[in-house]
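To keep things clear, I will list the structure first and then write my remarks on it.
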Amino acid sequence: MNNPFSLRTVNVTRYIAPLREGGSLPALADADDGFKYVLKFKGAGHGVKALIAELIGGEIARVLGLPVPELVFANLDEAFGRTEADEEIQDLLQGSQGLNLALHFLSGAITFDPVVTEVDAVLASKIVWLDAYITNVDRTFKNTNMLIWHKELWLIDHGACLYFHHSWNNWESSAKTPFALIKDHVLLPKASNLEEIDKEFRLLLTEEKIRSIVELIPEEWLQWEGSDETPDQIRNIYSSFLITRLANSEIFIKAAQDARQILI
Numbered sequence: 001m002n003n004p005f006s007l008r009t010v011n012v013t014r015y016i017a018p019l020r021e022g023g024s025l026p027a028l029a030d031a032d033d034g035f036k037y038v039l040k041f042k043g044a045g046h047g048v049k050a051l052i053a054e055l056i057g058g059e060i061a062r063v064l065g066l067p068v069p070e071l072v073f074a075n076l077d078e079a080f081g082r083t084e085a086d087e088e089i090q091d092l093l094q095g096s097q098g099l100n101l102a103l104h105f106l107s108g109a110i111t112f113d114p115v116v117t118e119v120d121a122v123l124a125s126k127i128v129w130l131d132a133y134i135t136n137v138d139r140t141f142k143n144t145n146m147l148i149w150h151k152e153l154w155l156i157d158h159g160a161c162l163y164f165h166h167s168w169n170n171w172e173s174s175a176k177t178p179f180a181l182i183k184d185h186v187l188l189p190k191a192s193n194l195e196e197i198d199k200e201f202r203l204l205l206t207e208e209k210i211r212s213i214v215e216l217i218p219e220e221w222l223q224w225e226g227s228d229e230t231p232d233q234i235r236n237i238y239s240s241f242l243i244t245r246l247a248n249s250e251i252f253i254k255a256a257q258d259a260r261q262i263l264i
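Here's what the structure looks like:
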């Protein structure tokens with residue numbers, strides 16, 4: 001079966017500079033298609049699981065019609081980074097040979113500031129719904145992970161979502177959790193249309209689309225140390241988690257609504 005979803009693959013040609021936000025040490029880099037990218041390394045922090053979260057979270061956002069920079073697979077040649085003077089960065093590059101993930105660099109974008117930029121109730125509800133669904137802990141006042149580019153709000157950095165996969169136990173019960181951390185979401189006070197958005201998004205996000213997105217995860221990201229599961233079995237757990245969570249969306253919607261009532 002042909003997958004209706006696909007990501008381009010680019011080759012990284014130049015490491016420009018580290019972007020020292022957070023612990024994963026992403027970088028600005030050039031690729032052989034002539035564009036600049038924010039490069040996320042499989043050799044960093046949470047390794048391939050952060051890249052899997054970034055891929056799944058970003059592509060689900062795209063299916064739901066939310067603006068996300070293009071994601072591409074970024075190939076790092078084995079010779080890459082040998083001339084890097086910084087030992088920490090050289091180790092990171094050497095440990096990230098093969099396929100990594102990159103986001104198209106939005107040149108000139110500025111960090112979203114909730115005090116400066118007003119977000120309407122519909123868009124706020126869409127973003128809160130997404131983050132409650134994919135259990136994204138990282139869209140707070142402290143770190144909004146949103147940019148303003150050409151007067152439009154763009155979502156970035158979904159590497160901290162789907163945190164159930166760091167323990168990988170009891171995914172069935174994890175899929176039905178309310179996600180209490182939604183109380184810290186930067187847009188929660190504005191998210192007054194969650195029930196309407198829930199109906200809309202449950203129609204958009206079909207089981208077929210979920211499985212097609214999960215199918216994008218490269219085989220080399222699924223060779224998990226200490227795991228007896230095959231790549232297909234791991235993909236199936238991701239799909240099953242997302243399908244189950246969607247079927248029980250009333251749980252995380254109610255948690256978000258309750259948290260919002262306390263705030264307003």
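The sequence shown begins at 1 in UniProt numbering and counts up one residue at a time. Heads up, the beta-carbon is just placed ideally off N, CA and C, and yes, glycines get one too.
With fewer than 16 other beta carbons inside 10 angstroms of its own, T117 counts as exposed. Bounds of any alpha helix (DSSP H) do not take in L188, whose DSSP letter is neither H nor E. Here the alpha carbons of L130 and F112 stand approximately 18 Å from one another. Under the three-state reduction of DSSP, N100 is assigned to strand.
Contact between the region 64-80 and the region 30-39 is present, with at least three C-beta pairs closer than 8 Å. Taking a 10 Å sphere around the C-beta of L93, we find 16 or more other C-beta atoms and assign the residue as buried. Judged by pairs of C-beta atoms under 8 Å, the region 88-103 touches the region 34-42, as three or more such pairs exist.
The beta-bridge partner set that DSSP reports for A247 is empty. Here the region 216-227 does not lie against the region 149-161, with fewer than 3 beta-carbon pairs under 8 Å apart. Judged by DSSP secondary structure, L28 falls outside any alpha helix (DSSP H) and instead within the beta strand (DSSP E) spanning 27-31. K254 is classed as exposed because its beta carbon has fewer than 16 other beta carbons within 10 Å across all chains shown. In this structure, A132 sits near A256, with a CB-CB distance shorter than 7 Å.
Nearest C-alpha to F105 among N3, Y37, K183, D184: Y37.
In terms of Cβ geometry, E70 and I213 do not form a close pair [threshold 7 Å]. With distances taken between CA atoms, I264 lies nearest to A191 out of A191, G57, G95, Y163. Distance between F141 and A50, taken at the CA atoms: about 22 Å. The beta carbon of I127 sits closer than 6 Å to the beta carbons of L187 from its chain, once the five residues preceding and following it are set aside; these are given in chain order. Between F179 and L64, the CB-CB gap reaches or exceeds 7 Å.
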